[in-house]
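Q: Numbering (the numbering used here), first residue to last: 303 to 556.
Glycine included, each C-beta is placed from N, C-alpha and C at the ideal position.
Handing you a structure now.
Here you go:
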């Protein structure tokens, strides 16, 4: 595979079109917030540095338990920047399902966010469901709540702000070394299947797999830099991850 990896495309976007919008979302007050490519790159790099400072090694896994939000994309890209593996967990998963995916994947870190379908019912909130599963997830070393959320009630839990404060102890060069070490055959993500018999199975997709899939998408449609795209399909879904975490950066769409 001669092409660049997704982290390398992100670096190119930050260098070539630094002030162009990369991602926009509404905050809790309904106001639009936009990050440029340079801002998103710096944010992802900060998360990657924090992961490395906490002992996240090449090949390690992290789980992301939330519906789509900018921290989802940031954590995913940061995992890849560390030459690690991102594992999506559907925001509707029960405590038992969360326990299975996080435990079976041997995830060292879990990022927890929101379930817009919870209707205000705590029993349906991602944070409550994860907390109920934590007693059986001894391999998890850190649980990071996304922006605006309190840390769950667990000694391994922290807020987003507490987590990124760890970045200062790791130089930027450590992240660049990890990016340079990525091989096409290295896994980028574990996708847990649905509709199978028994528990979901973790399917390994490599950087080369994602590159091939983007090539197939390009046979059907094309995007120009800056084209608008709405993130809707859950990022735990295989095409959601392909479009939202790889195609988005590869084609520099907004």
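Under a Cβ-count criterion, where at least 16 other Cβ atoms within 10 Å of its own Cβ denotes burial, should residue 520 be classed as buried or exposed?
A: exposed
Q: Specify the secondary structure class of residue 556 as computed by DSSP and reduced to three states.
A: coil
Q: Do you know how far the Cα of residue 471 is from the Cα of residue 309?
A: 21 Å
Q: Between the segment 461–478 and the segment 349–365, are three or more C-beta pairs nearer than 8 Å?
A: yes
Q: Buried or exposed: residue 445, going by 16 or more other Cβ atoms within 10 Å of its Cβ?
A: buried
Q: From residue 545 to residue 386, what distance separates their C-alpha atoms?
A: Separation of residue 545 and residue 386 (C-alpha to C-alpha, rounded to the nearest whole angstrom) is 19 Å.
Q: Residue 432 and residue 400 look like a contact to me (Cβ under 8 Å); what is the Cβ gap, rounded to whole Å?
A: 6 Å
Q: Assuming residue 389 is part of the beta strand (DSSP E), what are its boundary residues?
A: 387–391
Q: CB residue 410 to CB residue 465, shorter than 8 Å?
A: Cβ distance not < 8 Å, so residue 410 and residue 465 don't count as in contact.
Q: For the ligand ATP, any of its heavy atoms closer than 7 Å to the Cβ of residue 499?
A: As far as ligands go, the structure on display features none, and thus does not contain the ligand ATP.
Q: From residue 455 to residue 449, what does the alpha carbon distance come to, in whole angstroms?
A: 16 Å
Q: Under 8 Å Cβ to Cβ from residue 306, same chain only, skipping five residues before and after it: list those, please.
A: Correct list, in chain order: 314.
Q: Please return the same chain residues whose Cβ sits closer than 7 Å to the Cβ of residue 316, not counting the five positions on each side in sequence.
A: 339, 340 and 343
Q: How should residue 553 be labelled, buried or exposed, when 16 other C-beta atoms within 10 angstroms of its C-beta is the threshold for buried?
A: buried
Q: Here's a check: name, in chain order, each residue in its chain whose Cβ is nearer than 6 Å to the Cβ of residue 483, leaving out the five neighbours to either side.
A: 385
Q: DSSP three-state label for residue 303, please.
A: Annotation note: pLDDT 47 at residue 303 (below 50); position unreliable, coordinate value reported separately. Coil at residue 303, not helix or strand.
Q: Could you give the uninterrupted runs of the alpha helix (DSSP H) lying entirely in the segment 322–405, keeping only those of 4 residues or more?
A: Within the segment 322–405, the complete alpha helix (DSSP H) runs of at least 4 residues are 339–355 and 372–383.
Q: Look up residue 426 in the DSSP assignment and say whether it is helix, strand or coil.
A: Helix at residue 426.
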